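Participant: Under this note's numbering, think of the first position of the sequence shown as 53, with each following residue one higher. The C-beta atom is built at its ideal place from N, Cα and C for all residues, glycine as well. Since we're looking at a predicted model, the values are computed, not measured.
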Amino acid sequence: MRYWAMPSLPSYDIAACRRRIPLLASAIPMNNCSQAPQTIDTRAAAERYLESWNTRGMDWDGWMSEIDLAKGEFARLVNADLEEIALFSSVSQATSAVASAFAFSGARHAVVVTEAEFPTIGHVWLAQQKRGATISWVPVRDGAIEEAEYDARIDDNTLLVSATHGYFLNGVTQDLGRIAALAHSHGALLYVDAYQTLGAVPVDVRALDVDFLVSGNLKYLMGVPGVAFLYVRRELIQQLHPSVTGWFGRANPFAFTVKELDWSATASRFDSGTPPVINAYIARAGMEVLNTIGVPAIRAWHEVLAQRLIDGGRERGLTVFGPDDVKRKTASTAFVAPDAHAAELAMRQRGVLASARGTVIRLAPHYYSTIADVDAALDALQHVLAGR
Ligand SMILES: Cc1ncc(COP(=O)(O)O)c(C=O)c1O
Numbered sequence: 053m054r055y056w057a058m059p060s061l062p063s064y065d066i067a068a069c070r071r072r073i074p075l076l077a078s079a080i081p082m083n084n085c086s087q088a089p090q091t092i093d094t095r096a097a098a099e100r101y102l103e104s105w106n107t108r109g110m111d112w113d114g115w116m117s118e119i120d121l122a123k124g125e126f127a128r129l130v131n132a133d134l135e136e137i138a139l140f141s142s143v144s145q146a147t148s149a150v151a152s153a154f155a156f157s158g159a160r161h162a163v164v165v166t167e168a169e170f171p172t173i174g175h176v177w178l179a180q181q182k183r184g185a186t187i188s189w190v191p192v193r194d195g196a197i198e199e200a201e202y203d204a205r206i207d208d209n210t211l212l213v214s215a216t217h218g219y220f221l222n223g224v225t226q227d228l229g230r231i232a233a234l235a236h237s238h239g240a241l242l243y244v245d246a247y248q249t250l251g252a253v254p255v256d257v258r259a260l261d262v263d264f265l266v267s268g269n270l271k272y273l274m275g276v277p278g279v280a281f282l283y284v285r286r287e288l289i290q291q292l293h294p295s296v297t298g299w300f301g302r303a304n305p306f307a308f309t310v311k312e313l314d315w316s317a318t319a320s321r322f323d324s325g326t327p328p329v330i331n332a333y334i335a336r337a338g339m340e341v342l343n344t345i346g347v348p349a350i351r352a353w354h355e356v357l358a359q360r361l362i363d364g365g366r367e368r369g370l371t372v373f374g375p376d377d378v379k380r381k382t383a384s385t386a387f388v389a390p391d392a393h394a395a396e397l398a399m400r401q402r403g404v405l406a407s408a409r410g411t412v413i414r415l416a417p418h419y420y421s422t423i424a425d426v427d428a429a430l431d432a433l434q435h436v437l438a439g440r
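(1) Measure the Cβ-Cβ separation of residue 243 and residue 213 and say whether it is below 8 Å.
(2) Please tell me whether residue 294 and residue 322 are closer than 8 Å, where the distance is taken between their beta carbons.
(3) Going by C-alpha distance, which of 163, 433 and 404 is nearest residue 150?
(4) According to DSSP, simplified to helix, strand and coil, what is residue 388?
(5) Looking at the strands, I want to know which residues DSSP matches up with residue 83.
(6) When you compare each of 287, 329 and 351 to residue 114 by their alpha carbons, which one comes out closest?
(7) Can at least three beta-carbon pairs, one atom from the segment 300-308 and one from the segment 335-348, be found at a separation below 8 Å?
(8) Is the Cβ-Cβ distance between residue 130 and residue 256 less than 8 Å?
(9) From residue 316 to residue 360, what does the alpha carbon distance come to, in whole angstroms?
(10) Does DSSP put residue 243 in a helix, in a strand, or in coil?
(11) If you draw a straight line from the alpha carbon of residue 36 to that of residue 309, how long is it in whole angstroms?
(12) Candidates 156, 192 and 202: which alpha carbon is nearest residue 182's?
(13) When the Cβ atoms of the segment 102-121 are set against those of the segment 234-242, are three or more pairs found closer than 8 Å?
(14) Examine the Cβ distances between the segment 225-232 and the segment 83-93 and report whether three or more of them are shorter than 8 Å.
(15) Between residue 336 and the rest of its own chain, which residues show a CB-CB distance below 6 Å, the 5 nearest in sequence each way excluded?
(16) Just to confirm my understanding: we take residue 399, look at its own chain, exclude 5 residues before and 5 after, and list those with CB closer than 7 Å. What are they?
(17) Rounded C-beta distance between residue 224 and residue 380? I'm assuming under 8 Å.
(18) Let's test the definition: count the other Cβ atoms within 10 Å of the Cβ of residue 388 and tell me whether it reaches 16, buried, or not, exposed.
(19) Give the list of continuous alpha helix (DSSP H) stretches no shorter than 4 residues that lie fully inside the segment 194-282.
(20) Rounded to the nearest angstrom, what separates residue 146 and residue 69 at their Cα positions?
(21) Thinking C-alpha only, which one of 382, 396 and 82 is nearest residue 424?
(22) Beta-carbon within less than 6 Å of residue 251's beta-carbon, same chain only, minus the 5 sequence neighbours each way: which residues are those?
(23) What's the C-alpha gap between residue 396 and residue 313?
(24) Once you ignore the five residues that flank residue 206 on each side, which residues in its own chain have a CB closer than 8 Å to its CB?
(25) Quick one: is the Cβ of residue 341 within less than 7 Å of any heavy atom of ligand 1?
(26) Alpha carbon to alpha carbon, how far is residue 393 from residue 410? Give it in angstroms, no decimals.
(27) By how many angstroms is the C-alpha of residue 344 removed from the C-alpha of residue 320?
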């Protein structure tokens with residue numbers, strides 16, 4: 053369907069959504085693949101923590117229940133249970149903790165990693181080489197991964213497949229259900245980085261049959277740096293004992309028994325030190341907004357915006373980097389820009405927040421973005437790249 057045959061508004065009240073984002077009065081945020089804007093709700097959540105700290109001095113019981121509420125909101129987003137969610141400060145930390153739960157010494161020592169991973173994921177798996185892991189790379193060609201590339205690389209030596217759900221450069225998505233089935237048919241596990249898709253693409257960990265799924269919150273989840281969530285499939289939890297650990301991974305962190313390494317019965321065994329409390333307040337508020345609107349409705353609107361970006365970009369002479377099928381990508385669309393960093397700065401001068409990566413400039417609208425926002429961003433990019 054071409055954009056002139058598409059709806060001009062989403063199924064939810066976009067005007068009401070926009071009223072809750074003060075930044076929209078002065079800018080067009082198209083950088084949701086990097087940092088989503090503040091909402092009245094996320095700001096209120098931060099203030100709620102500051103208020104509790106200020107008026108109660110200390111409220112560990114209240115703060116710990118807020119951590120659980122944040123984990124619960126993440127669980128709701130991916131169709132998991134609260135007991136299957138662990139909390140971290142970054143995706144990198146979560147990935148290191150998962151890696152630390154495996155020995156790479158036996159016959160099963162291979163990790164299959166895609167070249168589309170955000171670099172930090174590659175770094176964590178490469179660091180396991182000194183523990184016996186061998187790494188094999190699934191290649192990216194022309195901005196995407198051919199599904200068949202997995203077939204040749206996953207075998208009975210594969211311990212784990214590490215696959216991003218959405219490619220950070222251009223939003224291209226992968227068929228996780230297919231990768232999970234292939235990995236499982238060889239007795240391997242699937243680790244998914246969904247940072248570029250959660251909040252933008254519906255994700256159901258049970259239907260997709262993934263084993264681990266990780267995400268931070270500052271992109272489509274409308275949150276801040278310093279907090280990330282990890283889903284661990286219930287059946288795996290009891291078998292895993294991460295050596296990256298700490299007192300919050302214990303059965304009862306507040307037992308204060310220094311000589312006992314007991315394990316939480318839930319995914320909390322992956323937690324380590326004092327959690328990022330204020331970040332979790334904000335993360336919960338961000339995820340609540342998305343869960344309330346409903347990610348399927350957001351996804352439908354994203355497809356309209358993505359098609360508009362692709363068609364409108366081409367009409368303006370811009371070059372899309374990677375595949376252009378909106379069913380197989382997020383709304384984040386990458387355009388070739390030789391000096392992308394300079395283009396990002398010049399677009400900011402024109403009131404459009406874009407995100408540069410290498411030689412592409414990414415335009416990533418979200419649930420509150422309008423067709424007019426997309427057109428204005430494309431106009432700004434066209435003018436900037438033409439040096440006007
Ligand atoms: C897909 C993806 N994974 C991971 C990261 C980084 O994760 P962290 O900085 O939380 O370790 C990013 C971007 O910041 C990303 O886009």
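Facilitator: Looking at the atomic coordinates:
(1) Residue mapping note: residue 243 aligns to position 191 of the sequence shown, counting from 1. Residue mapping note: residue 213 aligns to position 161 of the sequence shown, counting from 1. A contact, by the Cβ cut-off of 8 Å.
(2) Within the sequence shown, numbered from 1, the residue matching residue 294 stands at position 242. Within the sequence shown, numbered from 1, the residue matching residue 322 stands at position 270. It is a contact, given that the beta carbons lie within the stated cut-off.
(3) As a working mapping, residue 150 is identified with position 98 in the sequence shown. The shortest Cα separation from residue 150 among 163, 433 and 404 belongs to 163.
(4) In the sequence shown, residue 388 corresponds to position 336, counting from 1. Strand, per DSSP.
(5) Walking along the sequence shown from the start, residue 83 turns up at place 31. Residue 83 pairs with 416.
(6) Mapped onto the sequence shown, residue 114 falls at position 62. Nearest option by C-alpha distance: 329.
(7) no
(8) Residue mapping note: residue 130 aligns to position 78 of the sequence shown, counting from 1. Residue mapping note: residue 256 aligns to position 204 of the sequence shown, counting from 1. Yes, Cβ-Cβ distance for residue 130 and residue 256 is below 8 Å.
(9) In the sequence shown, the residue the question calls residue 316 occupies position 264. In the sequence shown, the residue the question calls residue 360 occupies position 308. Approximately 48 Å between the Cα atoms of the pair.
(10) Residue numbering aside, residue 243 sits at position 191 when the sequence shown is read from its first letter. Residue 243: strand per DSSP, three-state reduction.
(11) Summary: the structure shown does not reach residue 36, with the chain confined to residues 53 through 440, and so no result is reported for it.
(12) For the purposes of this step, residue 182 is identified with residue 130 of the sequence shown, where counting begins at 1. Closest option to residue 182, Cα to Cα, is 156.
(13) no
(14) no
(15) For this step, residue 336 is matched to residue 284 along the sequence shown. Counting only Cβ-Cβ distances below 6 Å, and skipping sequence neighbours, we find 121, 122 and 125.
(16) Indexing the sequence shown from 1 puts residue 399 at position 347. Taken in chain order, the residues that qualify are 406, 432, 433 and 436.
(17) Counted from its first residue, the sequence shown places residue 224 at position 172. Counted from its first residue, the sequence shown places residue 380 at position 328. Contact holds; Cβ gap of about 6 Å.
(18) Here residue 388 is taken as the residue at index 336 of the sequence shown, counted from 1. So residue 388 ends up on the exposed side.
(19) 200-205, 228-237 and 257-260
(20) The residue labelled residue 146 in the question sits at position 94 within the sequence shown. The residue labelled residue 69 in the question sits at position 17 within the sequence shown. Roughly 32 Å separates the two Cα atoms.
(21) Counting from one through the sequence shown, the residue named residue 424 turns up at place 372. Among 382, 396 and 82, the Cα nearest to that of residue 424 is on 82.
(22) Numbered from its first residue, the sequence shown carries residue 251 at position 199. Once the five neighbours on either side are set aside, the close Cβ partners of residue 251 are 272, 273 and 342.
(23) For the purposes of this step, residue 396 is identified with residue 344 of the sequence shown, where counting begins at 1. For the purposes of this step, residue 313 is identified with residue 261 of the sequence shown, where counting begins at 1. The straight-line gap from Cα to Cα measures roughly 49 Å.
(24) Start at 1 with the first residue of the sequence shown, and residue 206 comes out as number 154. Closer than 8 Å at the Cβ level, and outside the excluded window around residue 206, lie 164, 213, 234, 235, 238 and 240.
(25) The sequence position of residue 341 within the sequence shown is 289, counting from 1. Answer for residue 341: no, Cβ out of range of ligand 1.
(26) As a working note, residue 410 is residue 358 in the sequence shown. As a working note, residue 393 is residue 341 in the sequence shown. Their backbone Cα atoms lie some 8 Å apart in a straight line.
(27) Position 268 of the sequence shown, counting from 1, holds the residue named residue 320. Position 292 of the sequence shown, counting from 1, holds the residue named residue 344. Spanning the two alpha carbons is a distance of roughly 26 Å.
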